[in-house]
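Convert by adding 6 to the 1-based position in the sequence shown; the result is the number in the working numbering. In what follows, a single structure is set out as structure tokens and then discussed.
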Amino acid sequence: MRTQVVIIGGGPAGLLLGQLLHRQGIDSVLLERHSREYVLARIRAGVLESGLVDLLREAGAGERMQREGLKHAGIYLANSNRGFRIDFERLCGGSVMVYGQTELTLDLYQARDAMDAAMLHQVDQVQIHAADTEHPAVSFVRDGHEQRIECDFIAGCDGFHGVSRKTIPASLLREFERVYPFGWLGVLSQTPPVSDELIYASHERGFALCSMRSPGLSRYYLQVALEDKVEQWSDEAFWNELRQRIPHAAAESIVTGAAIEKSIAPLRSFVAEPMRWGRLFLCGDAAHIVPPTGAKGLNLAASDVYYLWRALRQYYHDGDEQGIEDYSATALSRVWKAERFSWMMTKLLHRFPQQSPFDLRMQQAELEYLESSVAAQTSLAENYLGLPY
Ligand code: APR
Ligand code: PHB
């Protein structure tokens, strides 16, 4: 088998790239380890920057998002019972789209179905060959049979635990990491959201986030200790703790209900450099991870895909390799700025074990400065909305 681009990974990055390449007449084969049902059962974030909204439209997969997505022109930051709004519209003239990643992934799957493109699920033992030559290939096992695809390029969209990053020789790879001393306990409930916009709450008991998926589906998070197990948290315990951390007005009005999904995720900042080795390109979580406090994970996957799609279009349509040469540096420049923002938001809003009284005063001063300064709020807003591609 032969194709122009092999895409490893059928998450948002791989699906979006495949769709964009197809609309430029560039053929790809997408290899996904799990079943479609497994991929679509994942609950992930739900805040889309305008750049991703535009890419979904470009990919021909934006119609339902346009119809069902919720346009948000601001967020609330709360410091114990004191809250204030960051008005994106007034500060930067922008907004974000709240639309579940699960829905976005489904839309991309359906778009790929419509173009009748090769997407192979439940592939095992994926291996990358000769990535540092002009004739790379990918082998894998499916239904007990080994197969091999010759190609021009390989897009490693296989997430943090994938094979792509691990294929780059250790002597060439530099990894940067910070693991945070807490996790996020997330609950999905079929209840109306407590607020019309997201509430990021800093509290002495720990961070809390009130988010949503639709007018009838709410998503809430609590900062929890690393050693916490989801079994320790009954629905009642979750709601009681959430009420203590969010502003009183929200705590009094929140509609609680059964958790239809409950899970604990660790938080880390991670970047691998470079994001390219020969004809292998890393995209999305394969190359970087951010703590979810800045809602950047999905949006960084999108900007990586944008840069790679543009580079491959330049190569195939114009015979120009400049985009390919520039890919890693261009993508990393935006990645590191989003890592900074995500780290800053995490440091600002969470309680860290062994935090000194001085550190606590710094957090309070930062929140009070944010509440009082248009300049500070504008900086936060432009980062949350998404820096330019
Ligand atoms: N072979 C084939 N597929 C693989 C392999 C492999 N060896 N390893 C991983 N995969 C698949 C996973 O099953 C997953 O479906 O690659 C896909 C990677 O998808 P994501 O982890 O979602 O990463 P990405 O597409 O970069 O999207 C980043 O999604 O998970 C969120 O928090 C993440 O918001 C971020 C966004
Ligand atoms: C979510 O809705 O899952 C969500 C929203 C904003 C974040 C993180 C997660 O910063």
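All C-beta atoms, glycine included, are put in the ideal place defined by N, C-alpha and C. These numbers come from a predicted model, not from an experiment.
Sequence-distant residues of the same chain with beta carbon closer than 7 angstroms to residue i, five excluded per side
i      : result
ARG118 : LEU21, GLY24, GLN25 and MET125
THR384 : LEU97 and CYS98
ASP164 : ILE14, GLY15, SER170 and ALA292
ALA143 : HIS135, ALA136, ARG154, ILE155, GLU156 and CYS157
Helix, strand or coil at residue i [DSSP, three-state]
i      : result
LEU26  : helix
VAL169 : coil
ASN305 : helix
ARG346 : helix
GLU203 : coil
MET7   : coil
ILE330 : helix
SER208 : strand
GLY20  : helix
TYR226 : strand
ASN6   : Examination of residue 6 is not possible in this model, given that the chain is present from 7 through 395 alone.
PHE364 : helix
TYR186 : strand
LEU386 : helix
ARG357 : coil
SER217 : strand
SER378 : helix
LEU191 : strand
Own chain partners of residue i with C-beta closer than 6 angstroms, once the 5 adjacent residues on each side are dropped
i      : result
GLY106 : GLY52 and ARG219
GLU181 : ALA278
ARG50  : GLN107
SER334 : PRO280, MET281 and ARG282
GLY89  : TYR82 and PRO253
ASP130 : VAL147
LEU36  : ILE13, GLY16, GLY20, GLY24 and MET125
GLY80  : ARG91, ILE92, ASP93, PHE94 and GLU203
TYR313 : TYR333, THR336 and ALA337
Rounded distance between the beta-carbons of residue j and residue i, thought under 8 angstroms
i      : j      : result
ALA292 : SER170 : 5 angstroms
GLY192 : SER269 : 6 angstroms
PHE159 : PHE287 : 7 angstroms
GLY300 : MET351 : 5 angstroms
HIS28  : ALA123 : 6 angstroms
GLY68  : LEU62  : 4 angstroms
Per-residue burial, residue i [other beta carbons within 10 Å of its own, 16 or more giving buried]
i      : result
HIS323 : exposed
ASN87  : exposed
ALA255 : exposed
GLY325 : exposed
ASP310 : buried
PRO199 : buried
GLU267 : exposed
LEU366 : exposed
SER259 : exposed
8 angstroms Cβ shell around residue i - same chain, five flanking residues per side excluded
i      : result
LEU112 : LEU46
heavy atom of the ligand MN below 7 angstroms from residue i C-beta
i      : result
ALA387 : What this structure holds is the ligand APR and the ligand PHB, not the ligand MN.
Task: Completely contained beta strand (DSSP E) runs for the stretch 94 to 152, where each covers 3 or more residues - done: 102 to 104, 130 to 135 and 143 to 148
- [ ] Would you mind listing the alpha helix (DSSP H) stretches within the stretch 228 to 313 that are 4+ residues and don't spill past its ends, in chain order?
- [x] Listed in chain order, the alpha helix (DSSP H) elements of length 4 or more contained wholly in the stretch 228 to 313 are 241 to 251 and 254 to 259.
Open item on the list: Quick check for students: name the residue ranges of the alpha helix (DSSP H) that lie wholly in the stretch 25 to 81, counting only runs of 4 or more.
Closed with: Along the stretch 25 to 81, the alpha helix (DSSP H) occurs as fully enclosed runs of 4 or more residues at 42 to 46, 56 to 64 and 69 to 74, listed in sequence order.
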